[in-house]
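Chemist: The structure's right below; bear with me while I get my questions together.
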DNA sequence: CATTTTATGTCAGTCTTGTTGACACTCCAA
DNA sequence: TTGGAGTGTCAACAAGACTGACATAAAATG
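Residue numbers (this note's numbering), protein chains in the order written: chain V, 5 to 174; chain P, 5 to 174.
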């Protein structure tokens with residue numbers, strides 16, 4: 005009896021929900037959900053002539069004000085040339101300020117201006133609305149699971165950066 | 005006593021985990037996880053000179069063999085010109101076959117060839133490995149929550165398509 | 001039968017966002 | 001003083017999305 009229940013438990017945890025069909029379903033869910041996830045901010049960004057790359061830069065500068073270019077690069081996982089193109093336009097448009105470092109004057113510390121913070125707020129309100137609705141619909145336990153799975157799906161390096169971001173003020 | 009507990013419950017469900025910080029964390033989790041999610045297939049695709057667009061086409065043709073171009077378009081949410089560019093190369097490379105419809109001869113029905121199925125298998129094995137590991141680490145309840153939240157995050161139209169895909173054989 | 005609509009394909013041009021490679025400048029540290 | 005790190009910039013390129021225009025074949029409709 006006990007060994008039977010244990011076998012069932014093993015099945016439940018390791019086979020039952022890990023069929024190809026289930027994994028395929030997970031794959032498609034990620035694909036479709038990510039589209040929804042970016043849809044609302046994309047509409048706003050379009051009005052300003054910006055793209056997702058601008059959104060990401062704005063987001064992480066907001067989260068870690070004073071972050072250096074290099075730090076931002078390791079978070080975004082793109083080349084400095086790509087980031088620089090985006091930063092250049094954001095700085096030219098007065099959304100981002102770049103301050104020479106006091107200790108190390110080679111470094112540039114990035115900050116959002118008033119205008120930058122306004123756009124960031126507009127973007128996050130739109131994005132958070134959808135996420136809040138999804139969280140409410142799914143319920144607290146589902147949200148916990150959602151975060152758990154997503155975290156496990158990241159590369160180890162990104163998982164560390166993700167946790168690092170939680171430690172600071174945010 | 006009872007009303008107090010009820011109030012706490014309400015707080016727990018509607019405020020506690022829906023702070024700006026929590027929503028921001030969800031946003032970042034989606035961003036980092038999606039990078040991990042695509043990383044492994046991307047490496048394989050690169051060897052063949054393909055990109056994510058090719059992967060998506062291959063995936064959904066595998067899931068729904070005989071699907072028409074228009075059907076695929078509504079799933080992928082791109083323009084026919086974009087899809088056509090991808091399909092042209094896949095057909096030229098002998099991964100996909102396009103058959104004129106029997107009832108309606110305007111339609112083209114898409115199928116994977118043997119070679120196409122082989123690549124699809126290689127890609128899904130890589131992608132499923134990461135997902136399976138993440139699912140095992142997080143556990144069955146977390147996986148259920150993960151799916152629930154992702155489904156709620158999709159646009160209504162995509163949610164229907166997603167469910168539609170579950171109905172057929174998969 | 002004539003016309004319109006639908007499904008698909010294709011050409012041409014544009015945009016965003018990523019890539020490499022090369023080079024310059026500043027400045028810290030050995 | 002020299003080497004290397006952090007940063008900025010130029011040029012060229014590619015993937016993958018977009019729009020607009022046009023072509024073809026076949027189905028649907030009048």
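For glycine and all other residues, C-beta sits at the position ideal for the given N, C-alpha and C.
Using only CA atoms, which one of 161(P), 139(P), 112(P) lies nearest to residue 28(V)?
Modeler: As a working mapping, residue 28(V) is identified with position 24 in the first chain. Ranking 161(P), 139(P), 112(P) by Cα distance to residue 28(V) puts 139(P) first.
Chemist: Whole angstroms are fine: how far does the CA of residue 100(P) sit from the CA of residue 62(P)?
Modeler: Residue numbering aside, residue 62(P) sits at position 58 when the second chain is read from its first letter. Residue numbering aside, residue 100(P) sits at position 96 when the second chain is read from its first letter. Using only the alpha carbons, I get a separation of about 8 Å.
Chemist: Within 10 angstroms of the Cβ of residue 141(V), are there 16 or more other Cβ atoms? Answer buried if so, exposed if not.
Modeler: Counting from 1 along the first chain, the entry for residue 141(V) is found at position 137. Classification of residue 141(V): exposed, given that the 10 Å Cβ count is below 16.
Chemist: Can you find the residues in the same chain that come closer than 8 Å, C-beta to C-beta, to residue 135(P), ignoring five residues on each side of it along the sequence?
Modeler: As a position in the second chain, residue 135(P) is number 131, starting the count at 1. If we look at residue 135(P) and ignore the five residues flanking it on each side, its Cβ neighbours are 41.
Chemist: Closest to residue 113(V) by CA distance: which of 120(V), 127(V), 102(V) is it?
Modeler: One-based indexing of the first chain puts residue 113(V) at position 109. The option with the nearest alpha carbon to residue 113(V) is 102(V).
Chemist: Which residue or residues does DSSP assign as beta-bridge partners of residue 89(P)?
Modeler: Your numbering for residue 89(P) matches position 85 in the second chain. According to DSSP, which records beta bridges pairwise, residue 89(P) is partnered with nothing at all.
Chemist: Would you please state the rounded distance, in angstroms, between the beta carbons of residue 34(V) and residue 54(P)? I believe it to be under 8 Å.
Modeler: Mapped onto the first chain, residue 34(V) falls at position 30. Mapped onto the second chain, residue 54(P) falls at position 50. 19 Å between Cβ atoms; not a contact.
Chemist: Please report the distance separating the alpha-carbon of residue 125(P) from that of residue 59(P).
Modeler: Translated into the one-based positions of the second chain, residue 125(P) becomes position 121. Translated into the one-based positions of the second chain, residue 59(P) becomes position 55. Between residue 125(P) and residue 59(P), the C-alpha separation is close to 11 Å.
Chemist: With DSSP as the reference, identify every bridge partner of residue 115(P), one or two as the case may be.
Modeler: Position 111 of the second chain, counting from 1, holds the residue named residue 115(P). According to DSSP, residue 115(P) bridges with 101(P).
Chemist: Is the CB of residue 173(P) under 7 Å away from at least one CB in chain V?
Modeler: Sequence index remark: in the second chain, residue 173(P) carries index 169 (1-based). Its pLDDT being 47, under 50, residue 173(P) is placed unreliably in this model, and the value from its coordinates should be taken loosely. No, no contact with chain V.
Chemist: Would you mind giving the Cβ-Cβ distance between residue 158(P) and residue 166(P), rounded to the nearest angstrom? I have them listed as a contact below 8 Å.
Modeler: In the second chain, the residue the question calls residue 158(P) occupies position 154. In the second chain, the residue the question calls residue 166(P) occupies position 162. The Cβ separation is near 6 Å, so the contact holds.
Chemist: Against chain P, with Cβ distances strictly below 7 Å, would residue 159(V) count as a contact?
Modeler: Taking the first chain and counting its residues from 1, one reaches residue 159(V) at position 155. At least one chain P Cβ lies under 7 Å of residue 159(V).
Chemist: Kindly give me the distance between the Cβ atoms of residue 127(P) and residue 65(P), rounded to whole angstroms, as I take these residues to be in contact under 8 Å.
Modeler: Position 123 of the second chain, counted from the start, is the residue given in the question as residue 127(P). Position 61 of the second chain, counted from the start, is the residue given in the question as residue 65(P). About 12 Å separates the two Cβ atoms, so there is no contact after all.
Chemist: Quick one: what does DSSP say residue 158(P) is sitting in, helix, strand or coil?
Modeler: Here residue 158(P) is taken as the residue at index 154 of the second chain, counted from 1. Residue 158(P): coil per DSSP, three-state reduction.
Chemist: Please classify residue 50(P): is it buried, with 16 or more other beta-carbons within 10 angstroms of its beta-carbon, or exposed?
Modeler: As a first step, residue 50(P) must be located in the second chain, where it is residue number 46. Residue 50(P) comes out exposed.
Chemist: Do you know offhand how far residue 163(V)'s Cα is from residue 75(V)'s?
Modeler: To locate residue 163(V), count along the first chain from 1; it is residue 159. To locate residue 75(V), count along the first chain from 1; it is residue 71. Cα to Cα, residue 163(V) sits roughly 15 Å from residue 75(V).
Chemist: Any beta carbon of chain P sitting closer than 7 Å to that of residue 80(V)?
Modeler: Your numbering for residue 80(V) matches position 76 in the first chain. So, not an interface residue.
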